[in-house]
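Structure first, commentary second.
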Amino acid sequence: MKILIISTGGTIGSKKDDNIHLDAPFKVVHFADENLIKGVEFSFSCPYTILSENMDFSHLQSLVDEIKESDSDNIIILHGSDTLAFTSSFIANLFWDKNIVLTASDKPIEDNSANGISNFDEALRHIKKGEKGVFVSYDGIFPADTITSADGLDKFRQTGKAQPKYKNPCLAPKNILVIKPYINIDYNNYNIESADLVLHEMYHSATVPESAKAFAKKCRKSGVPFYFVTPKSSADYETSADISDMIIFNTTLENAFARFNIKA
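Following this line, the structure appears as structure tokens:
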């Protein structure tokens with residue numbers, strides 16, 4: 003089987019001295035389980051090398067172009083964990099007809115407690131099944147458009163449901179304002195003049211404060227599309243009863259962000 007390894011940087015391609023810095027982009031391959039790499043012909047590509055907190059649309063476009071120009075449908079993408087949920091959502095919506103796994107590491111792989119090697123091995127196992135679809139390998143295998151960004155304990159959560167597939171999708175970046183609710187939020191702090199669209203995450207119970215609803219109406223009145231986002235399948239509290247037409251259900255904020263930056 004031929005497998006393309008695309009390195010984009012991240013901790014999985016870093017080492018730690020006085021601090022963590024980028025090192026050898028493909029070194030995790032040398033630590034892979036020997037039984038898993040038997041009969042595998044690897045090719046390698048590195049469109050850019052960054053720590054993933056610096057990910058932007060120009061890097062994303064480079065990654066998309068790299069995948070499009072490749073003659074391989076079996077691809078493992080080495081990525082940083084900070085923005086993994088965002089990139090994986092983009093790749094899942096753009097390349098659902100390929101066999102792709104994105105993976106990362108919580109620590110430089112020389113650290114005995116790092117999960118990068120086991121994550122890469124699991125990515126290999128999944129790729130070798132030859133199934134179409136985009137997944138994330140990080141302490142398990144997850145559909146790439148159903149994970150939320152890692153929490154403070156480096157844990158990714160799977161939530162929401164897979165969304166309908168686009169036909170002939172392409173990247174179409176927009177200036178999207180993303181808002182997360184918090185106590186005493188003041189929407190006067192948000193300038194929507196340059197925003198193409200506003201995405202507002204809901205609390206875990208699919209609720210938002212009354213002030214959020216007023217802000218949503220202000221945005222729409224100004225011609226700025228506004229959507230609340232929740233992985234829940236319904237919003238059952240009375241505070242959400244009058245905004246059902248503004249809610250995107252069954253998806254993560256990361257996946258909603260990706261889908262609004264893609265056109266078919």
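Numbering (the numbering used here), first residue to last: 3 to 266.
Glycine included, every Cβ here is placed at the ideal spot set by N, Cα and C.
Just so you know, these numbers come straight off a predicted model, no measurement behind them.
When DSSP states are grouped into helix, strand and coil, histidine 202 belongs to the strand group.
Histidine 81 is a Cβ neighbour of serine 54, given a cutoff of 7 angstroms. Rounded to the nearest whole angstrom, the CA to CA distance from serine 139 to phenylalanine 230 is 28 angstroms. In this structure, the straight-line span from the alpha carbon of aspartate 141 to that of glycine 162 is close to 19 angstroms. Judged by DSSP secondary structure, serine 139 falls within the beta strand (DSSP E) whose first and last residues are 135-139. With respect to phenylalanine 33, isoleucine 119 sits close: the two C-beta atoms are nearer than 7 angstroms. Remark: three or more beta-carbon pairs, one from each stretch, lie closer than 8 angstroms, so the stretch 69-79 and the stretch 94-101 are flagged as touching.
For glutamate 43, the enclosing beta strand (DSSP E) stretches over residues 43-47. Under the three-state reduction of DSSP, leucine 53 is assigned to coil, being neither helix nor strand.
With distances taken between CA atoms, phenylalanine 88 lies nearest to Thr105 out of Ala237, Asn76 and Thr105.
Judged by beta-carbon spacing, lysine 176 lies beyond the 7 angstroms limit of asparagine 121, meaning their Cβ atoms are not closer than that value.
Contact between the stretch 221-236 and the stretch 127-135 is absent, with fewer than three C-beta pairs closer than 8 angstroms.
Phenylalanine 259: member of the alpha helix (DSSP H) spanning 255-262, first to last residue. Runs of the alpha helix (DSSP H) lying entirely within the stretch 126-184, each at least 4 residues long, are absent. A straight-line Cα-Cα distance of about 42 angstroms links aspartate 247 and leucine 126.
One Cα belongs to threonine 241, the other to aspartate 123, and the distance between them is close to 46 angstroms.
By the criterion of a C-beta distance shorter than 8 angstroms, glutamate 43 is surrounded in its chain by Met3, Lys4 and Ile5, once the five residues flanking it on both sides are discounted. Going by beta carbons, leucine 179 and valine 200 fall inside the 7 angstroms limit. Under DSSP, phenylalanine 33 takes part in no beta bridge, so it has no partner.
Counted as a single uninterrupted DSSP element, the beta strand (DSSP E) harbouring phenylalanine 230 occupies residues 228-231.
For serine 9, the three-state secondary structure derived from DSSP is strand. In the displayed model, isoleucine 69 falls within a helix according to three-state DSSP. Taking 7 angstroms as the cut-off, the beta carbon of serine 9 is found closer than this to the beta carbon of phenylalanine 28.
Rounded to the nearest angstrom, the gap between the Cα atoms of glutamine 63 and glutamate 195 is 26 angstroms.
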